[in-house]
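All remarks here apply to the structure that follows.
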Amino acid sequence: MHLAVELTAAGRHPAAAAWAGLDPAVLLSAVHHAGLARTAARRGLDLALIPHSFHPDGGPLLDAVAVAARIAPVVPGIGLVPTATVTHTEPFHVSKSIATLDIVSSGHAGWEPAVSRTQAEADLFGRKPAAPAGVLWREAAEAIEVVVRLWDSWEDGAVIRDAATGRYVDRDKLHHIDFQGEFFSVKGPSITPRPPQGHPLVVLRADEEEALPVAARWADVVRIAAPDLPDAVAARERIRSAVAAAGRDPEDVTVLLDVEVHLAADRHRARRDLAELDALAGGQLPASSVRVLGPATDLADLIGSAVRTRAADGVTLVPLVLPADLDAVAAQAVPLLAGRGLLRTGRAGGSLRARFGLPRPANHFAGAGS
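Numbers in our numbering are just positions in the sequence shown, counted from 1, shifted up by 22.
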């Protein structure tokens with residue numbers, strides 16, 4: 023079973039920082055974000071997902087890719103997967119940023135592409151209006167393809183550092199991608215060498231119909247949200263069918279179910295905490311997926327049921343309050359899962375792709391002319 027955690031600054035609940043009494047300045051510090059990732063890594067979690075959005079009402083946000091790059095040198099071993107929205111950004115910049123993250127993390131980078139839906143977000147950039155979901159996901163598919171081709175635009179061994187001839191790179195191993203699409207026209211090559219993994223792990227949400235074919239074609243890991251495990255079973259089967267229809271092996275794609283979590287000594291205390299959080303926020307936060315409010319045994323039971331019923335290949339924990347809920351998961355839930363044989367303990371070796379049983383992909387341009 024694979025276990026991931028979503029690391030928002032203070033947790034998914036909008037009142038988490040106020041309820042926990044966190045200094046807002048702390049949420050903008052590298053120490054805070056590195057500490058969260060360190061807790062997850064110490065307990066053997068596979069992925070730390072770092073969300074990001076262009077929504078202007080969310081308060082101050084640090085750039086997720088930059089946060090991941092700051093964490094990588096001081097928290098080795100865990101997969102770092104920042105969100106990089108493709109709707110208002112150029113795939114060339116995304117490609118070099120994620121390639122750089124893979125380099126500084128020694129092959130433990132991933133990328134969660136996302137789309138930007140609202141006119142308020144579009145107005146921040148002033149380049150184009152908001153678009154319907156079908157258009158956004160067609161654009162996202164192109165952006166992902168451009169990013170992957172740019173990763174391949176440097177062959178392995180392109181950097182030669184030949185002092186005798188004064189050549190730093192072998193230009194025969196750099197390639198124009200010459201991409202022409204509906205949304206992008208990119209010549210390439212990249213300015214950054216090929217990442218250590220070849221292709222860093224691509225994580226995609228597939229909660230809406232328009233996103234499903236994109237995930238089926240490009241995702242190594244697919245995130246789903248579902249109100250209960252039977253709905254998650256159906257969602258996982260839809261994804262596996264779409265992956266097979268795209269000509270890929272469904273066994274190569276890991277499906278992770280989002281599980282919102284707030285742990286306490288008992289269910290009554292956890293629900294009382296949530297009522298206090300909702301009151302501070304001025305309204306109830308609806309569950310976006312399966313939610314566990316209670317002791318760590320409840321979380322372990324749900325995860326065990328999810329794996330046993332094939333509702334998912336693992337879960338993405340979405341703490342409502344950070345760092346408290348992650349600390350409780352690390353101290354209480356992870357030992358329970360390990361004791362039940364659902365989770366390995368200790369630090370895994372190799373790259374992030376290897377951790378998910380994926381080979382390093384061949385270079386699209388290897389052997390081609392420049």
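Ideal Cβ placement from N, Cα and C applies to all residues, glycine included.
Keep in mind it's a predicted model, so treat the numbers as computed, not measured.
Beta-carbon spacing of residue i, residue j below 7 Å
i    : j    : result
V191 : F201 : no
V398 : A42  : Not covered by the structure: residue 398. The range shown for the chain is 23 to 392.
H221 : P383 : yes
A165 : P113 : yes
A90  : L71  : no
L279 : A241 : no
L321 : A292 : no
V277 : D335 : yes
F76  : E28  : no
S311 : A248 : yes
A163 : L251 : no
N385 : E134 : no
S302 : A40  : In the sequence as presented, Ser is not what sits at residue 302; that position holds Leu. Result yes, Cβ atoms of L302 and A40 sit closer than 7 Å.
L374 : H130 : yes
Unbroken alpha helix (DSSP H) run spanning residue i, endpoints
i    : result
I166 : A155 to D174
R258 : L251 to A267
I93  : A86 to I93
H197 : Premise fails: H197 is in no alpha helix (DSSP H) and is neither H nor E.
R366 : Where R366 is concerned, there is no enclosing alpha helix (DSSP H), given that its DSSP letter is neither H nor E.
L83  : Here L83 belongs to no alpha helix (DSSP H), and DSSP marks it neither H nor E.
R375 : L374 to R377
Residue i, buried or exposed, once every other Cβ within 10 Å from all chains shown has been counted against 16
i    : result
F387 : buried
H35  : buried
L146 : exposed
A121 : buried
S392 : Bear in mind that the predicted position of S392 carries a pLDDT of just 40, short of 50, making it unreliable; the figure below should be weighed with that in mind. Exposed, because fewer than 16 other Cβ atoms sit within 10 Å of the Cβ of S392.
Q141 : exposed
L50  : exposed
H24  : buried
K150 : exposed
T109 : buried
D347 : buried
T187 : exposed
I182 : exposed
D274 : exposed
Q219 : buried
A267 : exposed
E204 : exposed
L171 : Here the sequence assigns Arg to residue 171, which means Leu is not the residue at that position. Under this definition R171 is a buried residue.
A26  : buried
Residue i - containing beta strand (DSSP E), residue span
i    : result
P235 : From DSSP, P235 is part of no beta strand (DSSP E) but of the alpha helix (DSSP H) over L234 to W240.
A70  : L69 to I72
D145 : It is not in any beta strand (DSSP E) - D145 instead sits in the alpha helix (DSSP H) that spans Q141 to F147.
T105 : G101 to T107
I182 : V181 to D184
G132 : G132 to A136
R189 : R189 to V191
V5   : Past the edges of the chain, shown from 23 to 392, lies residue 5, and the structure says nothing about it.
T111 : Note, T111: premise wrong, no beta strand (DSSP E); not H, not E.
E273 : Careful: E273 lies outside any beta strand (DSSP E) and carries neither H nor E.
I246 : V243 to I246
L226 : L223 to R227
Within-7 Å CB hit, residue i to chain B
i    : result
A350 : Absent here is chain B; the protein component of the structure consists of one chain.
Check: residue i C-beta below 6 Å from any heavy atom of the ligand NAP
i   : result
A88 : For the structure depicted, the ligand NAP is absent and the ligand set is empty, with no information on it obtainable.
Kindly confirm or deny that the region 353-364 and the region 29-49 touch, where touching means at least three C-beta pairs closer than 8 Å. no
Please give the ranges of any alpha helix (DSSP H) in the region 291-361, keeping only runs that are unbroken, at least 4 residues long and fully inside the region. 318-330, 346-350 and 356-361
Are the region 339-354 and the region 279-295 touching, with three or more C-beta to C-beta distances below 8 Å? yes
contact_flag[the region 158-169, the region 229-247] where n(CB pairs < 8 Å) is 3 or more: yes
Whole runs of the beta strand (DSSP E) within the region 24-66, excluding any shorter than 3 residues: 24-28
Between the region 261-270 and the region 235-244, do three or more beta carbon pairs fall short of 8 Å? yes
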